[in-house]
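Take a look at the structure set out below.
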Amino acid sequence: MAGRMVVGSAALAGLVRPASAPDPAGGHRVLPVRPELTGLLPNRGLRRGSTIAVGGGQTRPSGTTSLLLALLAEASRAGSWCAVVGMPTFGAGAAAEAGIVLDRLALVPQPGPEWPTVVAALIDGVDVVVTAVPSTVSASVADRLAARARQRGSVLVPYGRWDGADVTLQVVRGIWQGLGPGRGRLRRREVTISARGRGAAARPREVKVWLPGDELTRVVPGPAAAARSGATRLRVVAGRG
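In terms of our numbering, the sequence shown opens at residue 772 and continues consecutively.
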């Protein structure tokens, strides 16, 4: 099963109408995220009307796409519609493994020169709109789309540099584990995610998690926490239901 592919204005209009139906999640002002990501967000979730950038630059380090998937998973599972614009290599299989419900996922891989119009239309009817940021986007267009998200109660998630975002999440470090001396296979990745923003998110924050690729995202406990528990295994704090 694949996410719903959207090509052309007629298909886009057809998507926005059903997506504008009553929100199965109850119209909550904050959409849920996985527990290990709540400390990075000032409202402990995706606040409707906010702009949350992922990546922070045109060059994004390894692990950024996994962060994006983890950010969407809980909202999607709770009943929210999500759309992904301008990311032709976005994998529906990876999205499903992360917990995103494909029946409520719209993909617009090639929006073309009408990118601002496509994103604006999706903001009108979709709960969470992820979009790759074109290198040519102007500050005025970015401001208009952010303002539209505030008015419509959608969460805008630019994938790349976006000045003025309420919060910017970025993978600052990543280490793969699983390879031994000359053998083995990659099993999981320890990443450090930073959050910076404005207002309630002005104070920088960091969290270290494992993204093992087995449908679980795990917090990496610090040395003090491990010493208190006396355990060597990580505590699983989120997974697919």
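By construction, the Cβ of each residue, glycine as well, lies at the ideal position given by its N, Cα and C atoms.
Here P882 has V856, G857, V889 as same chain residues with Cβ atoms under 7 Å from its own Cβ, once five neighbours each way along the sequence are excluded.
Secondary structure note for A849: it is in no alpha helix (DSSP H), with a DSSP letter that is neither H nor E. Under the three-state reduction of DSSP output, T907 falls in the coil class, being neither helix nor strand.
By the C-beta criterion, the stretch 964–978 is judged to be in contact with the stretch 923–938, since at least 3 inter-stretch pairs fall below 8 Å. In this chain, G820 is not harboured by any beta strand (DSSP E), its DSSP state being neither H nor E. Residues V912 of the same chain have their beta carbon placed closer than 6 Å to that of P887, with the five preceding and five following residues left out of the count. S965 has Q941, E977 as its beta-bridge partners, per DSSP. By a beta-carbon distance limit of 8 Å, L878 contacts F861. Their separation comes to about 6 Å.
Membership of L893 in the alpha helix (DSSP H) is indicated by the continuous run 886–896. Nearest Cα to P905 within the set A917, Q922, A891, P884: P884.
Under the three-state reduction of DSSP, T902 is assigned to strand. Excluding its 5 nearest sequence neighbours in each direction, V943 has C-beta neighbours in its own chain below 8 Å: P832, T963, I964, S965, E977, listed in chain order.
Taken atom to atom, the span from the alpha-carbon of D874 to that of G924 is near 21 Å. Around the beta carbon of A917, a 10 Å sphere encloses 16 or more other beta carbons of the protein chains shown; the residue is thus reported as buried. Rounded to the nearest whole angstrom, the C-alpha separation of S837 and R818 is 21 Å. Between V872 and V900 a beta carbon distance of about 16 Å is seen, past the 8 Å cut, so the two are scored as non-contacting. Membership of G864 in the alpha helix (DSSP H) is indicated by the continuous run 863–869.
L876 carries a strand assignment under DSSP once its states are collapsed to helix, strand and coil.
For L808, the closest C-alpha among the options R800, W933, V825, H799 is that of V825.
Excluding sequence positions up to five before and after W852, its CB lies within less than 6 Å of the CB of A790, R875, V897, D898, all in the same chain and listed in chain order. Membership of G810 in any beta strand (DSSP E) is not indicated, and neither H nor E is assigned to it by DSSP. Residue pairing from DSSP places L927 in a beta bridge opposite T822, V900.
In this structure, V804 and E845 form a Cβ contact; the two beta carbons are roughly 5 Å apart against a cut-off of 8 Å. Within 10 angstroms of the beta-carbon of S847 lie 16 or more other beta-carbons, which makes it buried. Going by beta carbons, L840 and I823 fall outside the 9 Å limit.
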